[in-house]
Amino acid sequence: MRAELAARALELFTERGFDETTVDDIARAAGMSKRSFFRYFPTKEDALLGELEATAEQVAQEISARPPQEGPWECLHTVLRGWEAHINTQIEVLRLIESTPPLRARLLQKRDEARALIIEALTGRGLSPLEADLASVAAGAALDTVAREWLRTGGSADRLALTDQVFAMLRPAFLS
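The sequence shown begins at 166 in this note's numbering and counts up by one.
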């Protein structure tokens, strides 16, 4: 049902605009009440961004499970490269987020929550909290750069090749 609500929300946001679409509109399109909608998502923004929490938990688990001898930057690159097909791959979602301040704000909040899980996983691999924080921010910047370049190309760029290129360019010296 969460996936159905998210799909209906995206359709309506794309068709009408984020601000012009109400929770009632989304619920009605999914054949439910507004009250039922809030059983699945705490906010209208979460109908589009709600999956981020589960993704962050899985990414943190994968970081923790990587071989201990693998360097932290290589670990982040490998894990996030594996998720690249899942993260930010819908061009209409990215365009909607880029053009909608409430969605951008909620995305930043969700990313901070996700980053906390990743920092915890990285400190479990021996990084100091400062190093883990900086590494997670750098990896996030890498993925943001990939997403923006992908948008600039109209979705035609090879996201995995871009991910590899950007991670190579951004490799923090302290993780060498």
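C-beta: ideal position from N, C-alpha, C; glycine also.
These numbers were taken from a predicted model, which means no experiment stands behind them.
How would you label residue i, buried or exposed, when you count the other beta carbons within 10 angstroms and need 16 or more for buried?
i       : result
Thr-318 : exposed
Lys-199 : exposed
His-242 : buried
Ala-312 : buried
Thr-186 : buried
Gly-215 : buried
Tell me the rounded alpha-carbon separation between residue i and residue j.
i       : j       : result
Gly-247 : Glu-222 : 14 Å
Arg-231 : Ala-212 : 31 Å
Thr-328 : His-251 : 13 Å
Ser-229 : Leu-287 : 7 Å
Trp-238 : Arg-260 : 29 Å
Asp-189 : Ala-195 : 10 Å
Arg-204 : Met-334 : 43 Å
I think residue i touches residue j, with their Cβ atoms under 8 Å apart; what is that distance to the nearest whole Å?
i       : j       : result
Leu-340 : Gly-236 : 6 Å
Leu-316 : Ala-225 : Not really, about 27 Å apart at Cβ, beyond 8 Å.
Leu-268 : Phe-183 : 6 Å
For residue i, which residues from the same chain have a beta carbon less than 8 Å from its beta carbon, with the 5 sequence-adjacent residues on both sides left out?
i       : result
Glu-218 : Lys-275, Glu-278 and Ala-279
Using a Cβ-Cβ cut-off of 7 Å (strictly less than) and excluding sequence neighbours within five positions of residue i, which residues of its own chain qualify?
i       : result
Thr-265 : Phe-183
- Task: Starting from the N-terminal side, write out each stretch of the beta strand (DSSP E) that is 3 residues or longer and does not extend beyond the segment 205-280.
- Result: none
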